[in-house]
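Report on the structure given below.
Numbering (the working numbering), first residue to last: 11 to 150.
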């Protein structure tokens with residue numbers, strides 16, 4: 011959490027004093043956080059707190075850049091999905107790749123490698139069959 015906070019604070023134009031104040035508030039939030047909550051809960055607090063100080067999204071430019079890259083990959087990814095044995099599985103794995111990309115954790119990453127890795131048959135938590143059953147049972 012702290013590394014992610016520091017990396018994000020390095021992207022904003024505020025004084026070191028304000029950065030330290032933000033870090034203390036994040037540390038306090040981590041200290042009192044409900045252990046049953048997901049790390050994403052604390053991360054949401056971190057970004058909201060940084061936005062209070064920065065007044066803008068520290069990742070706006072990088073998001074725009076990677077959205078442009080993703081849009082450029084759409085034809086290739088669409089073909090990959092449509093040509094696959096199980097298009098839903100392939101699409102869900104590509105969605106996993108999108109979730110792996112986290113600008114707050116990594117300064118740079120290889121999108122192709124992330125997509126390739128996400129298409130491997132084994133993942134830490136595989137709920138695909140349950141997901142597929144849910145979709146099939148809830149079709150209108």
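For glycine and all other residues, C-beta sits at the position ideal for the given N, C-alpha and C.
- Residue state for residue 35 is assigned as helix, using DSSP reduced to three classes.
- Straight-line measurement puts the Cα of residue 111 at about 31 angstroms from the Cα of residue 147.
- Here the segment 43 to 59 does not lie against the segment 88 to 95, with fewer than 3 beta-carbon pairs under 8 angstroms apart.
- Residues 24, 28, 32 of the same chain have their beta carbon placed closer than 6 angstroms to that of residue 63, with the five preceding and five following residues left out of the count.
- A contact between stretches requires three or more CB pairs, one per stretch, nearer than 8 angstroms, and the segment 61 to 76 meets this requirement with the segment 11 to 24.
- Separation of the CB atoms of residue 102 and residue 138 is rounded to 6 angstroms, and the pair is thereby assigned contact status at 8 angstroms.
- Annotated three-state conformation of residue 12 is helix, per DSSP.
- Distance check between residue 99 and each of 124, 59, 129 places 129 closest, using alpha-carbon atoms only.
- Rounded to the nearest whole angstrom, the C-alpha separation of residue 81 and residue 34 is 38 angstroms.
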